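Enquirer:
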Amino acid sequence: MDTEIEIIGFSLCKSDWISVCNLIVTSFIGIWLALIVQKNFTINRAIKDYYIQEVKDVRKLYVDFLNNVYKGKISAKNIKEWFKIVSNRINCVERSLNDSFYIKDSNIGRIHSEIQNFITGTDDFNNGYRNDKLIFRETTKNDILVYHTKLLECFTDVVVKINRAKKHGVFWQIKRWFKK
């Protein structure tokens, strides 16, 4: 028969004390896990939402810009400056996405460069460089729309990749070091 042990005024058998300790430890582990998991999920979701908003902002900039280009409301000099500014922003977002979620094949930067090279390489752009407003031919506008569609697909693809990305921990960092 179990002998009774008295601790802090409670007299219970050894098996009862083991059950009480088990209950306390299990409760602490459950509470700790609930708090940590919820905190990590909230932080991870906030980071993902930030990057998704950044991608949506760049997408909106591009939609507005290409609408102005398509309608002939912008000069060649402004187009050139806009490409410089957006190139920097896209590079920062892609680099940061790679660092945070190891998303390195977004293709936004590549398609952006293709659009930039195409637009700045057209005869319309070069011949109208000094004009206040740049008007493109219909064939050039159609080609711009094809590039725009590719870019929109890239934006959607990146948002999906962000949502699918796992939060990285120590093992992710080690794996990333070896892949460099």
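Using the UniProt record's numbering, you'd call the opening residue of the sequence shown number 1 and step up by one each time. Quick reminder that beta carbons are idealized off the backbone N, C-alpha and C, glycines included. Just so we're clear, the structure is a prediction, and the values are computed from it rather than from any experiment.
#1: In or out: V20 buried (at least 16 other Cβ within 10 Å) or exposed?
#2: Spatial neighbours of I132 within its chain, please: C-beta separation below 8 Å, excluding the five flanking residues on both sides.
#3: For L66, does the three-state DSSP call read helix, strand or coil?
#4: How many whole angstroms separate the CB atoms of V58 and I90, which I take to be in contact at a CB cut-off of 8 Å?
#5: What separation, rounded to the nearest whole angstrom, lies between the Cα atoms of I111 and G30?
#6: Take C92 as the anchor and find which of K80, I108, N78 has the nearest alpha-carbon.
#7: Measuring alpha carbon to alpha carbon, tell me which residue in V63, I52, D123 is nearest L152.
#8: Please name the residue, chosen from N78, Y102, K73, that lies closest to F136 on a Cα-to-Cα basis.
Expert: In brief:
#1: By the Cβ-count criterion, V20 is exposed, with fewer than 16 other Cβ atoms from all chains shown falling within 10 Å of its own Cβ.
#2: Note that residue 132 is Asp in the sequence shown, not Ile. The beta carbon of D132 lies closer than 8 Å to those of S75 in the same chain, with the five residues before and after it left out.
#3: For L66, the three-state secondary structure derived from DSSP is helix.
#4: A Cβ-Cβ distance of about 6 Å is found for the pair V58 and I90, placing them in contact under the 8 Å criterion.
#5: Here the alpha carbon of I111 sits roughly 48 Å from the alpha carbon of G30.
#6: Per the Cα distances, I108.
#7: For the residues V63, I52, D123, the minimum Cα distance to L152 belongs to V63.
#8: Sorting N78, Y102, K73 by C-alpha distance to the C-alpha of F136 places K73 at the top.
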